[in-house]
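Residue numbers (UniProt numbering): 1 to 257.
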């Protein structure tokens, strides 16, 4: 059993396992594409339970389309209403009233699964902005760093091949030892794993010339703001998601194309 087995058990309480999403990959992708085709710019598709489908939010006549690729933190687990209180929803609101958000966050997902589940929808959406925060599940499930780096590199390869003018921001791994959920983990080993993952993320970000959102530095404020963590000790609270949105927003504003 890996050193972060407790994370997998905790994730199991909050969402279905990735195997369920793999089994219904084709159905999910088809459903999302149909929703996009049917609603166009005049409708609104709201997310159901985290275990059912990907989340989509659309605004009419958008001047900017924003796609969020990620896992449970992107979906909004830990809030009372993920559709409106996730950090991507908050970020979209900060970016302006006429921003169309497509939130593809899937609880429990790894980058490798996102290549089949989230990437096709992102490509078909033709967004102006993409955020990617997708690392903690891979780390917690002991995916080798080299394998994770390969998958993240492939994700960006495919995005940039089809969407060469889309602005992309990639977030790294914050200090997970600040979370109550990791209190029983080997702190030294966890710090080493986080450092290795963040080095891999930095390498991929540099290769593809995209924006790095450095949560390893900015999210350290958890040490003085425990209210930013939800009751599960792992996911952000409503206040935490609002702070995350601000971190992403400030990074985007400081690096406007």
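All residues carry an ideal CB built from backbone N, CA and C; glycine is no exception.
Residue 166 in three-state terms, based on DSSP: Taking the first residue of the chain shown as 1, we reach residue 166 at position 166. Of the three classes helix, strand and coil, the one that applies to residue 166 here is coil, per DSSP.
Three-state secondary structure assigned by DSSP to residue 101: The residue you call residue 101 lines up with position 101 of the chain shown. Residue 101: strand per DSSP, three-state reduction.
Sequence-distant residues of the same chain with beta carbon closer than 6 Å to residue 87, five excluded per side: Along the chain shown, read from residue 1 onward, the residue named residue 87 stands at position 87. 241, 244, 245.
Beta-carbon proximity of residue 247 to residue 237, cut-off 8 Å: Indexing the chain shown from 1 puts residue 247 at position 247. Indexing the chain shown from 1 puts residue 237 at position 237. Not closer than 8 Å, so no.
Residues sharing a beta bridge with residue 236, DSSP: Working through the chain shown from its first residue, we reach residue 236 at position 236. Answer is 229.
Span of the beta strand (DSSP E), counted from its first residue to its last, around residue 69: Residue mapping note: residue 69 aligns to position 69 of the chain shown, counting from 1. Per DSSP, residue 69 belongs to the beta strand (DSSP E) from 64-70.
The alpha helix (DSSP H) enclosing residue 203, as first and last residue numbers: Within the chain shown, the letter at position 203 stands for residue 203. Segment 187-208, the alpha helix (DSSP H) holding residue 203.
Backbone secondary structure at residue 213 - three-state DSSP: Working through the chain shown from its first residue, we reach residue 213 at position 213. It is a strand residue.
According to DSSP, residues forming a beta bridge with residue 87: For the purposes of this step, residue 87 is taken as the residue at position 87 of the chain shown. Answer by DSSP bridge pairing: none, since residue 87 is not bridged.
Rounded C-alpha distance that separates residue 108 from residue 63: Working through the chain shown from its first residue, we reach residue 108 at position 108. Working through the chain shown from its first residue, we reach residue 63 at position 63. Taking the straight line joining both Cα atoms gives about 32 Å.
Selection from 73, 80, 69 that minimises the alpha carbon distance to residue 114: Reading the chain shown from its first residue, position 114 is the one you call residue 114. Checked all of 73, 80, 69; the closest Cα to residue 114 is 69.
Span separating the alpha-carbon of residue 131 from that of residue 141: Taking the chain shown and counting its residues from 1, one reaches residue 131 at position 131. Taking the chain shown and counting its residues from 1, one reaches residue 141 at position 141. If I take the Cα positions, the gap works out to 22 Å.
Backbone CA spacing between residue 77 and residue 252 [nearest angstrom]: To locate residue 77, count along the chain shown from 1; it is residue 77. To locate residue 252, count along the chain shown from 1; it is residue 252. Distance between the alpha carbons of residue 77 and residue 252 is about 24 Å.
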